[in-house]
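In this text, residue positions in the sequence shown follow the working numbering: the first is 852, and each later residue adds one.
Heads up, the beta-carbon is just placed ideally off N, CA and C, and yes, glycines get one too.
Just below is one structure, and these are the notes that go with it.
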Amino acid sequence: MRWLGGGNLGLIHVKGTVLRYFSRKRAENLRKINPRVPFPDAASIAQSLYQIVKDHGPLTVSNAWNHAKEANVCGLNSKTHMKIMLKWMRGRKALKLLCNHIGSNKKFLYCALTDERRTDQRKTPSELNLQTEKTINEGKNSTQVKTC
């Protein structure tokens, strides 16, 4: 019985740790969200949405949708598509989601991360090099201009 670690005490400790580990909800992987449009279109939609959130401050989803309709964002199909795009932008560290508690209600607000904070959050210099290579290659290949 020596291999059990002194009786049932070690087994109880392991059981509690395993229960705590598996009872947590797994975080959603925001980087794997499919924006449902080709990347150049997604980038232009994201740039428009980022500018809307940056100009008008922290916005709820419905307020962001109203501003996007007023701005005639090219490529947005519906409010659901805009929500997917906002999640995609969160995964790319362009937006931040805040939660305000108002009494017993919660209000979720999207706010834009500043350019300084976006570059600070990148972990390695290789990520910066990969992103600059992408923009150079996209500039060479993108000869067609899409209009709405």
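- If the five residues before and after Leu937 are omitted, its C-beta is found closer than 8 Å to the C-beta atoms of Leu900, Val912, Ala915, Leu946 and Tyr961, all from its own chain and listed in chain order.
- By the CB criterion at 8 Å, Asp892 and Gly926 fall inside the cutoff.
- In the DSSP annotation of this structure, the continuous segment of the alpha helix (DSSP H) that includes Ala919 starts and ends at Val912 to Ala922.
- Under DSSP, the beta-bridge partners assigned to Cys950 are Phe959.
- The continuous alpha helix (DSSP H) containing Lys938 extends over residues Lys930 to Gly942.
- Excluding the 5 residues flanking it on each side, Lys958 has same chain C-beta neighbours closer than 6 Å at Asn951, in chain order.
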